[in-house]
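Residue numbers (this note's numbering), protein chains in the order written: chain D, 3 to 351; chain E, 3 to 351. Shown next, in structure tokens, is the structure this report addresses.
Take a look at the structure:
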């Protein structure tokens with residue numbers, strides 16, 4: 003069955019080129035996709051004309067407005083009603099598209115998506131969720147930056163959503179869930195993580211709660227799902243990205259100053275380096291899900307290329323096909339007794 | 003002039019062996035050091051007897067008590083008055099030693115050090131401070147885990163102390179100071195980091211405040227001093243450590259499965275890998291300073307070896323010789339007008 007994805011044609015450092023090329027690449031591997039492409043016709047039409055296979059599966063919707071990369075999210079929300087980003091989200095709301103993908107301003111995308119689509123029942127706040135490489139296996143990490151201040155109940159909800167995501171999207175039968183903390187002992191951390199741990203331990207959901215994990219446990223892959231607030235999660239992700247980049251650069255430099263012998267070694271070992279590069283290629287992991295929204299919205303890295311953007315499209319299609327949101331709704335239905343219920347009215351809501 | 007360092011002989015995974023060996027190694031490079039070694043005489047005496055050069059510069063003080071690695075800090079503080087850790091800190095307080103070094107329980111060491119030594123004037127809380135490798139140059143990062151909850155005024159104080167540390171210990175003439183955040187724009191983050199940024203911008207201290215930095219800026223070395231709360235700092239440090247370990251392991255594995263050609267390449271490139279390994283050797287960066295205490299206390303990584311422990315001793319000696327605490331007191335004297343002054347009484351204190 004064909005599946006339609008709404009694309010923000012103008013979002014991302016190298017838009018609209020990477021959006022159109024990314025869609026074309028996604029279509030090569032998933033030939034049942036259809037697209038609605040929002041943005042500046044004058045720029046998009048020639049790009050589509052050069053790719054007839056894509057053009058045949060793609061509807062172009064012109065809008066001159068777009069959200070700037072440095073726009074303030076609240077301002078973009080108020081003034082950006084005709085932007086390519088907003089119209090792509092509206093298409094999901096209206097049922098025209100099954101999902102929206104954008105490489106644009108993350109804060110604006112989250113603000114608009116929350117406003118237009120609202121959250122799933124039982125979810126207070128959506129979380130930016132992504133798959134990251136770890137030593138033993140890929141892992142799911144959330145929140146990566148949507149919520150800088152969280153209460154225990156938000157981390158609890160992230161845990162439930164992340165667990166579903168790992169089962170559905172990574173195919174892990176019984177994902178282990180860990181709360182990111184400064185140590186593994188029960189007493190470590192602040193009230194928020196300790197409160198979330200208490201809620202997870204007390205929940206009668208069938209979640210395999212591992213307890214607290216440290217930064218080194220994340221990269222080791224001690225658990226399948228790492229739950230944290232958006233401040234810590236964002237720093238953690240970028241520290242990992244930065245360290246990998248530093249390591250790669252240092253390796254390159256060391257070979258450059260290593261003389262002839264090192265150069266020969268490099269030539270011989272080139273397939274090894276290539277395999278390693280492929281393994282950690284950030285484009286493979288591109289496409290962060292705004293988990294907890296009543297609709298599928300995927301954020302591509304702003305600096306990605308067409309290959310990376312096609313991965314974000316594939317993630318969006320996969321999320322829809324595997325019914326991730328439906329599974330979260332089912333699971334959230336079971337969480338009510340575990341969440342704190344302040345009064346009868348709240349319990350009935 | 004000789005300088006005396008108090009050593010917790012029983013702290014660390016491989017204590018007391020690494021403590022005694024580490025002291026012996028430190029003495030080889032810094033022959034004016036003296037040590038007071040606290041711990042179990044029955045275990046320490048034979049180790050010293052085998053190292054006559056060290057024994058001649060080392061006073062052994064017997065105590066059967068020590069702080070367990072998993073001891074609760076508050077309990078260790080109340081019940082650990084005769085532990086090797088506590089006695090080493092007392093030696094600094096009593097003026098017998100210029101600094102204390104321990105590879106033991108971090109929380110207990112911090113609790114005891116704060117209780118015994120108190121903080122420097124103008125400093126509310128000590129911060130765990132360490133030097134980390136970054137792409138352009140080594141950087142100073144604090145707090146790495148002492149204070150999971152911080153207010154803007156604490157981050158402000160960390161910034162002042164970290165700037166002094168970078169000048170004194172790394173020899174950076176005009177260190178740039180950054181606040182770790184989820185983005186570089188002024189609006190990003192929570193009230194704590196935004197409040198600290200306001201205080202730093204408004205301060206008339208001669209601090210080169212760069213503004214906010216992200217995780218990728220940390221590893222790039224965009225600034226010389228990275229200021230953050232203990233929760234985020236601890237996660238950031240361990241994510242960097244974990245990512246480096248993951249990368250190294252993946253490189254090793256890729257060479258192992260790469261066949262004969264890869265093995266030959268590895269042999270030729272071995273000096274390159276060795277240079278890289280040395281560059282990022284965590285033992286080179288071992289020794290985290292409890293900055294802001296009225297005394298020098300250095301925490302060695304619990305899992306380090308003798309070489310790592312000797313680096314922690316060298317850091318402690320360097321901190322004393324360079325008068326780091328005296329420089330912080332001077333600098334803090336100038337900060338008063340910038341800190342919020344709620345009432346006249348507080349201003350007079």
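Where is the CB? At the ideal position from N, CA and C, for every residue including glycine.
query: Residue 212/E versus residue 176/E - alpha carbon distance; result: 12 Å
query: Cβ-Cβ separation, residue 6/D to residue 53/D (assumed contact under 8 Å), whole Å; result: No, residue 53/D and residue 6/D are not in contact; Cβ-Cβ is about 18 Å, not under 8 Å.
query: For residue 193/E, the three-state DSSP class (helix, strand or coil); result: helix
query: Contacts that residue 273/D makes with chain E (C-beta to C-beta distance below 8 Å); result: 260, 263 and 264
query: Short CB-CB distance (under 8 Å) between residue 90/D and chain E; result: no
query: Cβ of residue 220/D within 8 Å of any chain E Cβ; result: yes
query: Residues within the region 125-142 of chain D neighbouring chain E, beta-carbon criterion of under 9 Å; result: 135, 136 and 137
query: 7 Å Cβ shell around residue 334/E - same chain, five flanking residues per side excluded; result: 122, 123, 124, 125 and 162
query: Cα-Cα separation, residue 41/D to residue 228/D; result: 36 Å
query: is_contact[residue 241/D, chain E] using C-beta, thresh 8 Å; result: yes
query: Contacts that residue 106/E makes with chain D (C-beta to C-beta distance below 9 Å); result: What residue 106/E touches in chain D: nothing, since even the nearest Cβ is about 15 Å away.
query: Residue from 216/E, 170/E, 95/E and 233/E with nearest C-alpha to residue 194/D; result: 233/E
query: Residue burial classification, residue 4/D (beta-carbon count within 10 angstroms, cutoff 16); result: exposed
query: Given 8 Å, three or more beta-carbon pairs between the region 314-325 of chain E and the region 169-184 of chain E; result: yes
query: Residues that residue 181/E contacts on chain D, provided the C-beta gap is smaller than 8 Å; result: The contacting residues do not exist; residue 181/E stays about 11 Å from chain D at best.
query: Sequence-distant residues of its chain with Cβ nearer than 6 Å to residue 78/D (five each side left out); result: 69 and 110
query: Cutoff 7 Å; reference residue 340/E; Cβ partners in own chain excluding five residues on either side; result: For residue 340/E, the predicted model reports a pLDDT of 40, less than 50, meaning its position is unreliable and no value from the coordinates is stated.
query: Inter-stretch contact (C-beta, 8 Å, three-pair minimum) for the region 60-76 of chain E and the region 262-281 of chain E; result: no
query: Enclosing alpha helix (DSSP H) for residue 24/D [first to last residue]; result: 19-31
query: Pair within 8 Å by beta-carbon distance, residue 239/D and residue 181/D; result: no
query: Neighbour flag for residue 210/D against chain E, beta carbons, 8 Å; result: no
query: Three or more C-beta pairs below 8 Å linking the region 273-290 of chain E and the region 285-294 of chain D; result: no
query: Rounded distance between the beta-carbons of residue 144/D and residue 158/D, thought under 8 Å; result: Contact flag wrong, Cβ pair sits at about 12 Å.
query: DSSP three-state assignment for residue 59/E, whether helix, strand or coil; result: coil
query: Residues bridged to residue 300/D [DSSP beta-bridge criterion]; result: 103/D and 291/D
query: Any C-beta of chain D under 8 Å from that of residue 281/E; result: yes
query: Chain D contacts from the region 139-169 of chain E (Cβ-Cβ distance under 7 Å); result: 147, 150 and 151
query: Neighbour flag for residue 307/E against chain D, beta carbons, 8 Å; result: no
query: Residue 150/E beta carbon less than 8 Å from that of residue 184/D; result: yes
query: Residues, ordered as in the chain, of the region 51-78 of chain E that lie near chain D by beta-carbon distance below 8 Å; result: 72 and 74
query: Rounded straight-line distance, which links the Cα of residue 231/E to that of residue 154/E; result: 10 Å
query: Members of the region 18-45 of chain E that neighbour chain D once the beta carbon cut-off is set at 8 Å; result: none
query: Nearest-angstrom beta carbon gap, residue 91/D and residue 61/D [assumed within contact, 8 Å]; result: With 8 Å as the limit, residue 61/D and residue 91/D do not qualify as a contact, their Cβ atoms being about 16 Å apart.
query: Host beta strand (DSSP E) of residue 205/E (start-end); result: Residue 205/E -> no beta strand (DSSP E), and no H or E assigned at all.
query: DSSP state of residue 138/D mapped onto helix, strand, coil; result: coil
query: Residue 20/E versus 257/E, 225/E, 315/E and 83/E, residue with shortest Cα-Cα distance; result: 315/E
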